[in-house]
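Q: The opening residue of the sequence shown carries number 7 in my numbering; numbering runs sequentially from there. For glycine and all other residues, C-beta sits at the position ideal for the given N, C-alpha and C. Being a predicted model, the structure only gives us computed values, none of them experimental.
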Amino acid sequence: MTKKAGRLMAARTEERLNADAQSGRSGRDRPDRPDREQYASIKRRIRERIRAKRQAKLIMDARERFVRPGIWGLLFLALALPTATPAWAASKWEQPAEQLAEKVARVLGSGQAELTLNNRSTIASSDLSAIRRLLEQDLRAQGVSTSGAESANQIRVTLSENVRERLWIAEIIEGSQTRVVMLHVDREAVPSAIPDAGIVLEKKRVWNSLDTTPTPPQTQGGPVLAALETKTALVVFEQEDIVVFAITAAGWREEKRFPLGARRTSSRDAHGLLIPTADGHAFIAYTAGTECKGSYALPEDNRTTSGDWTVHCHDSDDPWPVAAGAVAPDATGLKAFYNSGRNFFTGIVTPALGIDLPPFYSIALVPRATADQAALLLNGIDGKVLLAEAGALKPVSGARDWGSDFTAVRTGCGTGTQVIASSSGEAAKDSLRAYEITRQEAIAASSPVEMGGTVTALWTAPDGASAWTVVRKSTVEYEVDRVTALCP
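See the structure below:
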């Protein structure tokens, strides 16, 4: 079938459908004429035949000229192959474009709409015109005209992706009503958004509850919320106590235990935070409704081998310092209010950002293109990972498998800063993985490292270059690990 014949057949079919529409009779009422679905199928077959013949002709012409001696044959080959490439490249987008057009037409019906295309994926810009052309053709085959910018209806198509698959999203706007349809594209067609950074996460055990010697022996610790290594000791923050450990030849030895007293506790899994002071000898501890200050007094003379620890706690609803460590310790001075009756932050922060944040579990500061720019990455209690940037909240793709805990570390690998996130908890044991945050996407930069239990807390070390994590291995065993990202 020639190109001219194909166009003539398509034009006649379209004239018949238009005549049916004007007479108020549908294709289903007239069995001798194709309905809209049949018409779309006919046009698709015509288009495929025309494209196949065109590509075959280009290849044959190139072969004929390639075997001819002389510079003219080689010159034609150099010019003919780039001309054929767009047709071949466009063919891989035919099926998703047709499927998305069908979804849109089911919602919008026949009519007119303005089509806009937004690319947030790694699809080459040279492919966008072909994708737009295919969408326009397939929408037209479904009875939707995209020629009028003056139309009140709009179709906004966004091309996005993560490490597993592409996701094409169409927002269909009719007056004040907006409806959304989505199409998942085979992940085999998805290239890596950035080259594999080759980062390796290294896990080193710092402390294990079964390896320590309690004082007195009958004391048994509770759930571990956080830990901190000072210049003189290891501080472990349990749900009911703050415990100070000293290192010995036999391992960690419990030196002192400070009960929090009758404090308000979270109705769910408790959270805790330990912040070191500038001199590295003291700390501030935060948990639901409680703030504690721990200090270390150096020995007055050389007759004693160690100083003395004191811890004082009081009721407090003050905000907790968050988003520190990845760029610089306490870089922003940002603090967030914790919901003492639950297990998350309320979304109210100080100083105010000029944007309303949703309630969240975790938050981290990640640098952007220039040194004086940064964005806040947060994990909402609804499971959505968002970027707070330039006065707006933006969804992050590629974070669907994340758990509720993540933190940012400064490594020098890849873009310089990575986010280490826990898994979603679907597996029997949690894992951690490093991600690059590019634009609005989370791209895996390392393989997962198994943690051997459930990750209950994850935070950036004071130096900003590694992460600490608490892993619950059983009801009586907790472990604190340091996780470092190693560059290739």
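#1: Note the first and the last residue of the continuous alpha helix (DSSP H) segment covering LYS479.
#2: Could you give the DSSP three-state label for ASP314: helix, strand or coil?
#3: Flag this pair as touching only if the segment 413 to 420 and the segment 390 to 400 have three or more C-beta atom pairs under 8 Å; answer yes or no.
#4: At what residues does the beta strand (DSSP E) containing GLU246 begin and finish?
#5: Helix, strand or coil for GLN143? Go by DSSP, reduced to three states.
#6: Got a sec? Which residues, its chain only, sit under 6 Å from ILE290 by beta carbon, not counting five neighbours each side?
#7: If we call anything under 9 Å between Cβ atoms a contact, is ALA450 one with THR413?
#8: What residue range is occupied by the uninterrupted beta strand (DSSP E) comprising GLU104?
#9: Excluding the five sequence neighbours on either side, which residues of its own chain have a C-beta within less than 7 Å of the C-beta of GLU100, listed in chain order?
#10: Inspect the CB distances between the segment 457 to 465 and the segment 439 to 447 and report whether three or more fall short of 8 Å.
#11: Pick helix, strand or coil for LEU134, following the three-state DSSP scheme.
#12: How far does the beta strand (DSSP E) with ASP411 in it reach, from first residue to last?
#13: Taking SER322 as the reference, give the member of GLU297, PHE343, TYR302 with the closest Cα.
#14: What residue from ARG126, LYS210, LYS435 has the CA that sits closest to ALA491's CA?
#15: Taking only three categories from DSSP, how would you classify ASP487?
#16: Three or more C-beta pairs under 8 Å: does that hold for the segment 386 to 394 against the segment 355 to 369?
#17: What first and last residue would you give for the beta strand (DSSP E) that runs through HIS190?
#18: Could you check whether ALA119 and ILE161 sit closer than 9 Å to each other, using their CB atoms as the reference points?
#19: Per DSSP, ARG209 is paired with what?
#20: How would you call LEU340, buried or exposed, if buried means at least 16 neighbouring beta carbons within 10 angstroms?
#21: Tell me the rounded alpha-carbon separation between VAL191 and LEU207.
#22: Quick one: what's got a C-beta closer than 7 Å to ASP314's C-beta in the same chain, skipping five residues either side?
#23: Going by CA-CA distance only, name the one from GLU104, SER157, THR184 that's closest to GLN148.
#24: Who does LEU279 pair with in a DSSP beta bridge?
#25: Can you tell me which of TRP174, TRP213, GLN424 puts its alpha carbon nearest to the alpha carbon of THR122?
A: Per the coordinate set shown:
#1: Where LYS479 is concerned, there is no enclosing alpha helix (DSSP H), given that its DSSP letter is neither H nor E.
#2: The three-state secondary structure of ASP314, taken from DSSP, is strand.
#3: Output reads no: the segment 390 to 400 does not touch the segment 413 to 420.
#4: Premise fails: GLU246 is in no beta strand (DSSP E) and is neither H nor E.
#5: DSSP, reduced to helix, strand and coil, places GLN143 within a helical segment of the structure shown.
#6: Take ILE290, set aside five residues on each side of it, and the residues of its chain with a beta-carbon closer than 6 Å to its own are ILE281, LYS299, in chain order.
#7: One thing to note: ALA450 has its Cβ no nearer than 9 Å to the Cβ of THR413.
#8: Unbroken run through GLU104 is the alpha helix (DSSP H), 100 to 114; no beta strand (DSSP E).
#9: The residues are LEU140.
#10: Result no; under three Cβ-Cβ pairs closer than 8 Å.
#11: Helix, per DSSP.
#12: ASP411 -> beta strand (DSSP E) spans 408 to 416.
#13: The candidate whose alpha carbon is nearest that of SER322 is GLU297.
#14: The shortest Cα separation from ALA491 among ARG126, LYS210, LYS435 belongs to LYS210.
#15: In the structure shown, ASP487 sits in a strand (DSSP, three-state: E or B).
#16: The segment 355 to 369 and the segment 386 to 394 touch, with three or more beta-carbon pairs separated by less than 8 Å.
#17: Element bounds for HIS190: 183 to 191.
#18: Yes, these two residues count as a Cβ contact at 9 Å.
#19: The sequence as given places Lys at residue 209; Arg does not occur at that position. VAL489, per the DSSP bridge assignment.
#20: Counting the other Cβ atoms within 10 Å of the Cβ of LEU340 gives 16 or more, which makes it buried.
#21: Within the model, the alpha-carbon separation for VAL191 versus LEU207 is close to 30 Å.
#22: Listed in chain order, the non-local C-beta contacts of ASP314 below 7 Å within the same chain comprise ALA303, local neighbours out to five positions each way being set aside.
#23: Cα-wise, what sits closest to GLN148 is GLU104.
#24: LEU279 pairs with TYR292.
#25: Measuring C-alpha to C-alpha distances from THR122 to each of TRP174, TRP213, GLN424 identifies TRP174 as the nearest.
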